[in-house]
Structure formats: C-alpha cells, structure tokens
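Asks: Each residue of the sequence shown is one higher than the one before, counting from 8 in the working numbering.
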Amino acid sequence: MAVKIPPFVVVVPARFGSTRLPGKPLLKIGGESMIRRVAARAAQAGAAQVVVATDDERVAHELRGCRDILVCMTREDHASGSDRIAETAGNFGWPDDTVVVNLQGDEPFAPAAGIRAVVATLAGDEAPMATLATPIDDADELFDPNVVKVVRGGHGRALYFTRAPAPWARDAFARDQGTLPSNVPFLRHIGIYAYRAGFLRHLAALPRTPLEQAESLEQLRALEHGYAISVSPTPEPFPPGIDTADDLARAERWLAGQAREPL
C-alpha cells in the first residue's frame with residue numbers, strides 16, 4: 008500500500024566556506040550556479056516552501072529574482088546542515104509536526120521523485136528521521152572516502168554510516184579488492200534527510216558525538232544518541248553530490264551527456 012505523502016518544506020543548507028571546494032554554492036554547472044539548480048529541484052518536487060539557509064550574503068544575492076525561493080540568513084558557526092536548518096525552522100516558527108526535508112546544497116541533480124520518496128519514508132515508519140541509499144557496484148566508489156556508505160539492517164533502518172568501505176567482505180577482499188562480490192549489499196548514502204521540526208530542534212540541541220566528529224557525518228549524532236534512521240532505496244538514480252573539483256568536472260560531463268540524449 009502506497010504511503011500518502013504529507014505536505015513538506017525543503018531547506019537547502021548552503022555554507023559558502025567549504026574547505027574542499029570554497030564558494031561551492033556559486034560554482035557554475037552548465038552556466039548555472041549550483042545553488043540555483045538545487046533550489047529548482049526542490050521546487051519541482053512539490054514542496055510547500057523552499058528555503059535556502061546560508062551564512063553568506065553572496066549566496067542570498069545569487070537567489071534574488073528566483074521565484075518562490077526564500078532565503079534565511081543563519082549563523083556561521085553551525086557544525087552541520089541539520090543545525091543550520093534547525094535555526095531556520097526556529098526563524099520561520101514551523102510547528103513541531105512540520106515535515107522538513109534537508110536537501111544538501113551540493114545535490115544539483117537530485118530527482119524530484121527522490122525528494123518525495125524521503126518524505127514517504129518518514130511518513131511510513133516510526134523512526135524520527137529518514138534518508139535514502141542506492142547500490143554501489145564499482146570498487147573505486149566503495150573505497151572512495153568522499154562517498155559515504157550506509158549499512159542497513161533487515162528492518163530497513165541504518166546500522167551505521169561511514170566513509171570507509173563497508174560492509175567489509177573479508178574473504179572476497181582478501182583475494183581481490185578490485186571487484187565487488189555480488190552477494191554483499193553495498194550502499195551509497197544519499198545526502199538527503201526528512202524529519203519533523205520538533206525532532207530537528209531536539210537533534211540540534213544534542214551534543215556532538217565522537218563518531219560524528221571522527222567521520223564528519225552529522226547523521227551519526229542521531230544514531231549515537233539512540234535514535235533510529237529509516238533508509239529506503241531511491242526510486243531514481245541520484246548522480247553523486249559535488250564535494251571536490253573532480254566531482255565538479257564529472258558533473259559538467261554528466262550534464263553534457265544528458266543534453267546529447269535524444270528527446
């Protein structure tokens with residue numbers, strides 16, 4: 008039985024001072040800034056509101072004239088995107104039961120169906136937080152620390168998120184680390200979350216945790232404090248997010264390839 012998708016808002020956290028790719032929200036892909044592309048994807052998904060939460064006036068200026076896209080200026084010292092979005096929820100006064108989607112500012116090709124899917128995942132589970140994943144079938148991707156992996160239990164909830172290759176196929180990798188065994192569920196985590204505003208505010212008030220800081224993965228704060236995260240497969244491919252200059256070049260190539268596809 009299909010889960011009815013409740014109304015939702017999308018917040019795009021956009022920090023200007025990325026350490027690996029400075030000024031990332033304003034970098035151009037196919038002649039259009041990354042932040043404009045992400046905001047447009049959120050609008051296409053049917054969000055009741057789309058808000059870009061940023062700490063830099065240059066990002067706000069870039070979005071002027073974008074119809075139906077709101078901007079919330081936030082503090083510079085947030086440890087994670089969820090913390091920035093919690094401030095945004097407070098600034099807008101959203102009730103505790105408001106469904107909030109955290110769409111990362113480096114996901115310029117996020118499919119609208121995927122945004123709706125993470126909302127459906129939250130609505131269909133008692134877990135206070137939901138996210139998406141997609142299979143990994145390439146060894147280079149599995150061993151890349153910029154690709155976040157998720158280990159998912161049979162109950163559909165996350166057991167762990169990591170930048171390391173996981174799960175570790177001991178016997179197969181003892182023989183060959185260049186080929187992935189077909190019987191192991193390797194999953195790439197897609198950086199999109201859904202939660203309700205009340206839980207989001209609670210999560211932001213919790214202290215940062217050792218694993219969160221070691222892996223630099225905000226979702227581990229929820230797991231370490233004992234909260235479940237529901238994980239569903241994405242209904243459509245999510246091209247990888249953009250963290251590095253190589254990712255940006257790959258995104259340009261991917262977009263050029265899409266343009267060449269016949270209508």
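C-beta atoms are modelled at their ideal positions from N, C-alpha and C, and glycine is treated no differently.
What does the alpha-carbon distance come out to for the pair Ala46 and Phe23?
Replies: Rounded to the nearest angstrom, the two C-alpha atoms are 15 angstroms apart.
Asks: Reducing DSSP to helix, strand and coil, say where His232 ends up.
Replies: Of the three classes helix, strand and coil, the one that applies to His232 here is coil, per DSSP.
Asks: Does DSSP classify Phe168 as helix, strand or coil?
Replies: Residue state, collapsed to three classes: strand.
Asks: Find out if the Cβ-Cβ distance for the pair Asn1, Val18 is shorter than 9 angstroms.
Replies: Outside the shown range of the chain, which is 8 to 270, sits residue 1, and nothing can be said about it.
Asks: Quick one: using the 10 Å Cβ neighbour count with 16 as the cut-off for buried, is Leu213 buried or exposed?
Replies: Under this definition Leu213 is an exposed residue.
Asks: Under a three-way DSSP split, which group does Gln56 fall into?
Replies: Gln56: strand per DSSP, three-state reduction.
Asks: Is it the case that the Cβ atoms of Ile249 and Leu28 are separated by a distance below 9 angstroms?
Replies: Yes. Within cutoff.
Asks: Any idea which residues DSSP pairs Phe15 with across the strands?
Replies: Paired residues: Val106.
Asks: From the DSSP secondary-structure annotation, give me the bridge partner or partners of His196.
Replies: DSSP, once it has assigned bridges, lists Ala140 as partnering His196.
Asks: List the DSSP bridge partners of Ser239.
Replies: Answer is Leu139, bridged to Ser239.
Asks: Mind checking who Arg159 pairs with in its DSSP beta bridge?
Replies: BP columns for Arg159 point to Ala165.
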